[in-house]
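Novice:
Protein chains: 2
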Amino acid sequence: MIILKIAIDAMGGDNAPDAVIAGVELARDEFKNVEFVLFGDEKKITALLKSKERIIIEHTTEVIDMNDEPVRAVRRKKDSSMVKAALAVKEGKADALFSCGNTGALLAAGLLVVGRVKSVARPGLLSTLPVLDSPTGDGTFNLLDSGANADSKPDQLYQYALLGKYYAENVRGLKNPRIGLLNNGTEPHKGNKVTLEAHQLIAADKTINFIGNIESRDLLKGLCDVVVADGFTGNAVLKSIEGTVSAVMSLLKESIMSSGLSGKMGAMLLKPAFKSIKSKMDQSQYGGAVLLGTKAPVVKAHGASDAKTVYYTIKQIRTMIEGEVVPKFTKYLAENETEEKI
Amino acid sequence: MIILKIAIDAMGGDNAPDAVIAGVELARDEFKNVEFVLFGDEKKITALLKSKERIIIEHTTEVIDMNDEPVRAVRRKKDSSMVKAALAVKEGKADALFSCGNTGALLAAGLLVVGRVKSVARPGLLSTLPVLDSPTGDGTFNLLDSGANADSKPDQLYQYALLGKYYAENVRGLKNPRIGLLNNGTEPHKGNKVTLEAHQLIAADKTINFIGNIESRDLLKGLCDVVVADGFTGNAVLKSIEGTVSAVMSLLKESIMSSGLSGKMGAMLLKPAFKSIKSKMDQSQYGGAVLLGTKAPVVKAHGASDAKTVYYTIKQIRTMIEGEVVPKFTKYLAENETEEKI
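Residue numbers (this note's numbering), protein chains in the order written: chain A, 1 to 342; chain B, 343 to 684.
#1: From the DSSP output, read off the bridge partner residues of B:Ser-621.
#2: Considering only residues of the same chain and omitting the five flanking positions on each side of B:Gly-629, which have a CB-CB separation below 7 Å?
#3: Rounding to the nearest angstrom, what Cα-Cα distance links A:Gly-13 and A:Phe-98 in this structure?
#4: Starting from B:Lys-347, trace the beta strand (DSSP E) both ways and give me its first and last residue.
#5: Just the C-alpha distance for B:Ile-348 and B:Ala-638, rounded to the nearest angstrom, thanks.
#6: Taking the CB atoms as reference points, tell me whether A:Ile-45 and A:Ile-64 lie closer together than 8 Å.
#7: On the CB-based measure, 16 or more other CB atoms within 10 Å of its CB, does B:Ile-345 come out buried or exposed?
#8: Could you tell me whether any Cβ in chain B is nearer than 8 Å to the Cβ of A:Phe-232?
#9: Hey, could you find the ends of the beta strand (DSSP E) A:Ala-96 is sitting in?
#10: List the DSSP bridge partners of B:Ala-358.
#11: Against chain A, with Cβ distances strictly below 8 Å, would B:Met-705 count as a contact?
#12: In this structure, how does DSSP classify A:His-302 when only helix, strand and coil are distinguished?
#13: Any chance the CB of A:Thr-309 is under 7 Å from a heavy atom of the ligand SAH?
#14: Just to confirm, are A:Val-325 and A:Tyr-166 a CB contact at a threshold of 8 Å?
#15: I think A:Lys-280 touches A:Pro-130, with their Cβ atoms under 8 Å apart; what is that distance to the nearest whole Å?
#16: Can you list, in chain order, the residues of its chain whose CB lies under 7 Å from that of A:Asp-145, leaving out five sequence neighbours each side?
#17: Using a 10 Å radius around the Cβ and a threshold of 16 neighbouring Cβ atoms, would you call B:Glu-367 buried or exposed?
#18: Tell me the rounded alpha-carbon separation between A:Cys-100 and A:Val-290.
#19: Which of helix, strand or coil does DSSP assign to A:Thr-294?
#20: Quick check on DSSP: helix, strand or coil for A:His-189?
#21: At a Cβ cut of 7 Å, what residues of the stretch 202-222 of chain A count as close to chain B, listed as they run along the chain?
#22: Check whether the Cβ atoms of B:Lys-642 and B:Leu-448 sit closer than 8 Å, and answer yes or no.
#23: Of all Cβ atoms in chain A, is any one closer than 8 Å to the Cβ of B:Ala-589?
#24: Specify the secondary structure class of A:Pro-123 as computed by DSSP and reduced to three states.
#25: To the nearest whole angstrom, what separates the beta carbons of B:Gln-563 and B:Asp-475, a pair I think is in contact under 8 Å?
#26: Let's see if you can read the secondary structure: which residues bound the beta strand (DSSP E) around A:Leu-144?
#27: Below 8 Å on the Cβ atoms is my guess for B:Ile-619 versus A:Ser-255; work out the distance and round it to an integer in Å.
#28: By alpha-carbon positions, which one of A:Asn-102, A:Gly-104 and A:Gly-110 ends up nearest to A:Asp-95?
#29: Hey, could you find the ends of the alpha helix (DSSP H) B:Lys-521 is sitting in?
#30: Could you list which residues in chain A have their beta carbon closer than 7 Å to that of B:Leu-486, in chain order?
#31: Applying the criterion that 16 or more other CB atoms from any shown protein chain within 10 Å of the CB defines a buried residue, is A:Asn-67 buried or exposed?
#32: Looking at C-alpha atoms only, which residue of B:Leu-634, B:Arg-514, B:Ala-649 and B:Ala-545 is the closest neighbour of B:Ala-463?
#33: Thinking just about the alpha-carbon of each residue, which of B:Gly-515, B:Ala-427 and B:Ala-649 is nearest to the one in B:Met-662?
#34: State the start and end residues of the unbroken beta strand (DSSP E) segment that holds B:Ile-397.
#35: Show which residues of chain A have a CB atom less than 8 Å away from the CB atom of B:Pro-614.
#36: Go ahead and pull the three-state DSSP assignment for B:Ile-550.
If you want it as structure tokens, here you go:
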């Protein structure tokens, strides 16, 4: 049996190390071919662990927190759990990096420590979101780049289309995934300078099942499996979906609270329906955000992750490693020399 | 009494001319100082009108529809209701232009026929959206540019901050409105090339009550009265709010339909609460989208507008003219010569 190794930043996140350890143990008990290298306070970690089976602890003395300036923290906090975990991946001692900590710092650790695949100019962040209706899909779509880069070039968007395709095929198991380009209109002549040119580049690659432009109003409708965006717009759209769901749910709560007895009775009867919406729209169950384009998977789960989210994200990482997503797209990109164009 | 004149494209929109005429008559009956110049099929209009009081009909033979390519339509359909209405504004025969028709064509008619204020490089589209909570505001915020331009420069964003300020002060009656910049992080050092520079420009103008960057996840929270964005991101965020509200509402409906008798009873009891949310999130009640930076107000209401929306939009236009929004910011811009920087 091939043993996969995942480097875990045990100290990152609001509920660390407790939730991280609990999630790791859930995953360890289920995935017998995975070994975990936990970076963090050895005493605390040992006290929390039920069993040390397939678990290695690497003691570290520093923690990068949410208020740290990302690049500076990665450069200065040399003995932090996150940087040490990234170093282990760089040195080939682990196959992937996982953290619930500071997103910016994790992106920096991915780029500066783990390192990018040579032909990928700018790794992008891939997020997974739910769709309402997906007769041909799997109930989700990937948004890429959802925020790793503030400024993007057309060639980078073309690479995201490729990276997203390899992810959807090898992690989600989709055949010929439908790729769309986030744009300000569906017609091919719509767009800004970057999306107009990116549209042409993606359309020209016949290995990509390109369905054309998609508007943000249609994102949740399941029209495609992967949505390519520049990191600035992708980030804006991701956060606006999140903010709008939470706004509508709190409006609903408010309306119910002010609608008297009948409203409250109605709310009680509808509890299961509300719960199912909340769960459907809760992004954490769909795993972590993946930095794609680095030499090994770098995966970030929400800062507020609980043990279950940690477990799901480890499951996702395992599928990424087993599906050989990174080796596959690295090979394709090397053979097709996209770097020249950038 | 000063008589204001509004040029109306009576043939634009899904429900034209019926809904347009009905809305105009509602407004005519309430706003005694407004005169309406209706452009369109004279026969049809006359048949629908209850009274011709303060209504002038200008017969036109063409209509720009939703499938027309905007710039080409404005150039070729010289006798269309929209182009003739725009010409009337250009020639000083009316103070503002109103249409429920093709948005792209109306933007083109605004730029090419009505014309931009000399010092405004690129007029921007201002939309009005609801906020959940606004202890110091009026329950809405303006998003500007929400889609007139696909590519924006920092100076243009600075001008949108000014245009938005004048709009909020003179149309919404807010004192010292809070202006925010849509960005990928709240810290001043966050952003892409355009927003980083725009942040500095806006912050440097002490006449602007700049609250700094705002993330799209916080848009509906009422943190500011005007949100400045580049047109591409503004458009993406606007449409993603729209799409998410509609997705959550249809998820709710679906959950209720599949939750048996108790769910359906609950839904009945909650009908008033659902209705209040739908109405709160319905953008049409907040009036039309305004092209700001043209020599006279150019206002677009939703294609599906009914008489009530037409009425509300006319009310908004009347306040814009009476509040002298365009003359005021034109004067400020001329005195401060921002064009040099662009």
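Where a beta carbon is used, it is the ideal one built from N, C-alpha and C, also for glycine.
Specialist: If we stick to the structure as given:
#1: B:Ser-621 pairs with nothing; no bridge assigned.
#2: Thr-470, Tyr-654, Thr-655 and Gln-658
#3: 11 Å
#4: 346-351
#5: C-alpha separation (whole angstroms): 10 Å.
#6: Remark: C-beta atoms of A:Ile-45 and A:Ile-64 do not approach each other more closely than 8 Å.
#7: exposed
#8: Yes, contact with chain B.
#9: Its beta strand (DSSP E) spans residues 96-99.
#10: Paired residues: none, contrary to the question.
#11: For chain B, the structure presents residues 343 to 684; residue 705 of chain B sits outside this window and is missing.
#12: coil
#13: As for the ligand SAH, it is missing from this structure, which has no ligand bound.
#14: yes
#15: 5 Å
#16: Gly-124, Leu-125, Ser-152, Tyr-160, Ala-229, Asp-230, Gly-231 and Gly-234
#17: It is buried - the Cβ of B:Glu-367 has at least 16 other Cβ atoms within 10 Å.
#18: One alpha carbon belongs to A:Cys-100, the other to A:Val-290, and they sit about 12 Å apart.
#19: strand
#20: Look at A:His-189 here: in three-state DSSP terms it is coil, with no helix or strand label.
#21: Glu-215, Ser-216, Arg-217, Asp-218, Leu-219 and Leu-220
#22: yes
#23: yes
#24: coil
#25: As written in the sequence, residue 563 of chain B is Lys, which differs from the Gln given in the question. Indeed, because the Cβ distance is near 6 Å, the residues count as touching under 8 Å.
#26: 140-144
#27: About 6 Å separates the two Cβ atoms, so the contact holds.
#28: A:Gly-110
#29: Residue identity check: residue 521 of chain B is Ile in the sequence provided, not Lys. For B:Ile-521, there is no enclosing alpha helix (DSSP H); the residue is found in the beta strand (DSSP E) stretching over 520-524.
#30: Those within 7 Å of B:Leu-486 in chain A number zero; the least Cβ separation is about 15 Å.
#31: exposed
#32: Of the candidates B:Leu-634, B:Arg-514, B:Ala-649 and B:Ala-545, the residue whose Cα lies closest to the Cα of B:Ala-463 is B:Leu-634.
#33: B:Gly-515
#34: 397-401
#35: Ser-255, Ser-259 and Gly-263
#36: DSSP places B:Ile-550 in coil when its eight states are reduced to three.
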